[in-house]
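> First residue of the sequence shown: 10, per the numbering used here; consecutive thereafter. Sharing a structure here in structure tokens format.
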Amino acid sequence: MTIYGGFVYIMSNFTNTAVYIGVTSDLINRVSEHKSKKYPNSFTSKYNCYKLVYYEFYPRIEEAISREKQLKNWERTWKDTLINKTNPDWEDLSNTL
Numbered sequence: 010m011t012i013y014g015g016f017v018y019i020m021s022n023f024t025n026t027a028v029y030i031g032v033t034s035d036l037i038n039r040v041s042e043h044k045s046k047k048y049p050n051s052f053t054s055k056y057n058c059y060k061l062v063y064y065e066f067y068p069r070i071e072e073a074i075s076r077e078k079q080l081k082n083w084e085r086t087w088k089d090t091l092i093n094k095t096n097p098d099w100e101d102l103s104n105t106l
């Protein structure tokens with residue numbers, strides 16, 4: 010059985026007041042789903058989280074899932090610091106994928 014890699018990612022809204030942490034094996038497609046509000050009752054749709062502000066790649070999806078669980082338990086200030094280290098202006102990184 011082949012194990013594929015995965016991404017942990019953070020989406021935010023225009024004012025950066027809401028953040029969503031997710032995991033996926035196909036980052037481009039998943040970000041597109043968030044932007045198009047494919048799931049209208051989801052957190053990202055409700056809070057207009059359309060900007061990809063952070064992501065990490067892992068060679069194994071299990072590692073990405075583990076990291077996602079870790080980040081979801083973090084305080085908001087820690088998440089902000091993580092994003093600020095690589096994306097201080099909280100720009101939408103989806104155009105760079």
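Ideal Cβ placement from N, Cα and C applies to all residues, glycine included.
Can you list the alpha helix (DSSP H) stretches of 4 or more residues lying completely in the stretch 19-100, in chain order?
36-44, 52-55, 70-81, 85-95
> Assign N104 to one of three DSSP states: helix, strand, or coil.
Three-state result, N104: helix.
> Could you name the residues of the same chain whose beta carbon sits closer than 6 Å to that of I92, not counting the 5 residues immediately before and after it, in chain order?
V62, Y63
> Three-state secondary structure (DSSP) at G14?
coil
> Out of V32, L36, K46, which has the shortest C-alpha to C-alpha gap to N22?
K46
> If we ignore side chains and look at the alpha-carbon of each, how far apart do F16 and E42 end up?
Spanning the two alpha carbons is a distance of roughly 15 Å.
> Within the chosen definition, does the stretch 48-58 reach the stretch 79-96 through at least 3 CB pairs nearer than 8 Å?
no
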